[in-house]
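Each number in my numbering comes from the position in the sequence shown (counting from 1) with 1 added on.
Every residue, glycine too, gets a C-beta built ideally from N, C-alpha and C.
Remember, predicted model here, so these are calculated numbers, not experimental data.
Right, one structure below, let's go through it.
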Amino acid sequence: MKKYLNYFKILTFKKYWNFIQIETSRILSLILKKSYVWGVPYTISIEPACLCNLRCPECPTGSGMVRRENSYLDRNIYRKFIDEIKTTTLHLLLYFQGEPFMNTDIFGMIKYASERRLYTVISSNGQFLDNETAGKIIESGLDRLIISVDGTDQSTYAQYREGGDLNIILEGTKYLNALKKETRKSKPEIIFQILVFRHNENQVKDFKVFAMKNGADRSWIKSAQVINPDRLIDIIPRNDHFSRYIPDPEGRLITKARIRNQCRRLWRTCVVTTDGNIVPCCFDKEAEYIMGSLKDTRFSEIWKNEKYTEFRESILHNRSRTDICNNCSEGIEVYLRRSLYLFL
């Protein structure tokens, strides 16, 4: 109940009205196949760092594929942006491609957003979670911490999280929970998340118990995305419930969901990269589709500019022609949740 109270504290009439405007314009655009945008996104991702301390093979950052001009987001750009969207945005996801805690200003970033009534979320590999960091997290006001725990033992965990130590996560979670209890804080909500691959699919059934036993408030099971599905069929789970891909007649992997000419993300969200650029969604991992730069333009101008409008309309008419959409999970997320529920 406490986590819901934390969420409701950030709600205002203006934010609720913005939500209604966005959803109404999205549905109208889908029906008329023309881009109408009323309001601004109510969920926004910001990339604090484009670096990582691990070498996860299917992560563009960990594998060294992503090379941005700036490794860390400029503080002034961040604060100016937060001040612009603070009265309309609900959720601020402080993560994209890198490990957020590699930015030494991350606690200041969280606090700045929290003080402006944004619901803050971080997704982390948990390798920086020590006693000192736990204290700073509590002080910053972070609402939710998602920790990647891709195995219930070190040997399984390290097969994907190359360079990671599961014990650091488990000990760090203890520190964080102890401090929450000591300071009588209900946040952050701690979520353990497992990306399901072939090597760890046998641990999924026990993952919820493992997470609760080790101090998580909740556990999430997530299908894995691979960078190049054509060549990595051997890492995809054998159990169809856990995969977002199926093999085509030639043995290549394709997403289960049919590519439809629609996209919720183009209305509901966007991403700010460490370079201060606006890209349409989290599937544009190498920032190929830049809609504008916060270095020289206000976000409100970028959000409704000609380039963004043309991009939205191209998706409404022929989404499959946009390469980042062909490895997107839109349309399959509900299927996966239902399948996992029935399986577990």
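Coil, strand or helix - residue i by DSSP
{"i": "Gly277", "result": "coil"}
{"i": "Leu31", "result": "helix"}
{"i": "Lys10", "result": "coil"}
{"i": "Ala50", "result": "strand"}
{"i": "Lys223", "result": "strand"}
{"i": "Arg56", "result": "coil"}
{"i": "Cys283", "result": "coil"}
{"i": "Cys326", "result": "helix"}
{"i": "Tyr17", "result": "helix"}
{"i": "Ser125", "result": "strand"}
{"i": "Ser315", "result": "helix"}
{"i": "Tyr120", "result": "strand"}
{"i": "Ser294", "result": "strand"}
{"i": "Ile45", "result": "strand"}
{"i": "Tyr73", "result": "strand"}
{"i": "Tyr37", "result": "coil"}
{"i": "Ser115", "result": "helix"}
{"i": "Gln263", "result": "coil"}
{"i": "Gly109", "result": "helix"}
{"i": "Arg320", "result": "helix"}
{"i": "Thr174", "result": "helix"}
{"i": "Lys168", "result": "Here the sequence assigns Asn to residue 168, which means Lys is not the residue at that position. In the structure shown, Asn168 sits in a helix (DSSP, three-state: H, G or I)."}
{"i": "Ser301", "result": "helix"}
{"i": "Glu163", "result": "coil"}
Minimum Cβ-Cβ distance from residue i to chain E less than 7 Å
{"i": "Thr256", "result": "Among the chains of the structure shown, chain E does not appear; only one protein chain is present."}
Buried versus exposed, by CB contacts within 10 Å (16 or more), residue i
{"i": "Val41", "result": "buried"}
{"i": "Met213", "result": "exposed"}
{"i": "Asp285", "result": "buried"}
{"i": "Thr121", "result": "buried"}
{"i": "Trp18", "result": "exposed"}
{"i": "Arg185", "result": "exposed"}
{"i": "Glu289", "result": "exposed"}
{"i": "Leu167", "result": "buried"}
{"i": "Ile222", "result": "buried"}
{"i": "Gly164", "result": "exposed"}
{"i": "Glu48", "result": "buried"}
{"i": "Leu33", "result": "exposed"}
{"i": "Phe193", "result": "buried"}
{"i": "Thr153", "result": "buried"}
{"i": "Ser46", "result": "buried"}
{"i": "Arg313", "result": "buried"}
{"i": "Lys296", "result": "exposed"}
{"i": "Ser187", "result": "exposed"}
{"i": "Phe9", "result": "exposed"}
{"i": "Phe14", "result": "exposed"}
{"i": "Asn278", "result": "buried"}
{"i": "Arg299", "result": "exposed"}
{"i": "Arg69", "result": "buried"}
{"i": "Leu267", "result": "buried"}
In DSSP terms, what residue i is bridged to
{"i": "Ile78", "result": "According to DSSP, which records beta bridges pairwise, Ile78 is partnered with nothing at all."}
{"i": "Lys271", "result": "The displayed chain sequence assigns Cys, not Lys, to residue 271. BP columns for Cys271 point to Ile45."}
Option in the options with minimal Cα separation from residue i
{"i": "Thr270", "options": "Glu24, Asp218, Tyr246, Arg261", "result": "Glu24"}
{"i": "Arg253", "options": "Leu267, Ser125, Val272, Val227", "result": "Val227"}
{"i": "His318", "options": "Leu295, Glu183, Arg261", "result": "Arg261"}
{"i": "Leu119", "options": "Val205, Lys16, Glu163, Glu183", "result": "Lys16"}
{"i": "Glu100", "options": "Thr89, Met66, Trp268, Thr62", "result": "Thr62"}
{"i": "Ser220", "options": "Leu52, Ile191, Leu31", "result": "Ile191"}
{"i": "Cys53", "options": "Asp276, Thr157, Met66, Cys264", "result": "Met66"}
{"i": "Asn126", "options": "Leu267, Leu55, Val205", "result": "Leu55"}
{"i": "Ala217", "options": "Arg199, Phe243, Ile195, Glu202", "result": "Ile195"}
{"i": "Gln204", "options": "Phe97, Asn240, Phe300", "result": "Asn240"}
{"i": "Ala135", "options": "Tyr96, Ser124, Thr105, Leu177", "result": "Leu177"}
{"i": "Leu180", "options": "Lys137, Asp276, Arg145, Tyr158", "result": "Lys137"}
{"i": "Asp106", "options": "Ser72, Arg266, Thr44", "result": "Ser72"}
{"i": "Ser141", "options": "Lys112, Arg80, Thr157, Gln128", "result": "Lys112"}
{"i": "Arg162", "options": "Ser64, Thr274, Pro238", "result": "Ser64"}
{"i": "Ala258", "options": "Arg266, Tyr246, Thr174, Pro250", "result": "Tyr246"}
Any non-hydrogen atom of the ligand GTP within 6 Å of residue i CB
{"i": "Pro61", "result": "In the structure on display, the ligand GTP does not appear, and there are no ligands present to speak of."}
**Report entry** Any beta strand (DSSP E) of 3 or more consecutive residues that is wholly inside the stretch 79-103
**Finding:** 92-94, all fully within the stretch 79-103.
Query raised in the report: Curious, which full-length beta strand (DSSP E) runs of at least 3 residues does the stretch 178-258 contain?
Result: Within the stretch 178-258, the complete beta strand (DSSP E) segments of 3 residues or longer fall at 190-197, 219-224, 246-248, 254-256, listed in chain order.
Query - Sequence ranges, alpha helix (DSSP H) only - wholly within the stretch 125-161, length at least 4 - result: Listed in chain order, the complete alpha helix (DSSP H) runs (minimum 4 residues) inside the stretch 125-161 are 132-141, 155-161.
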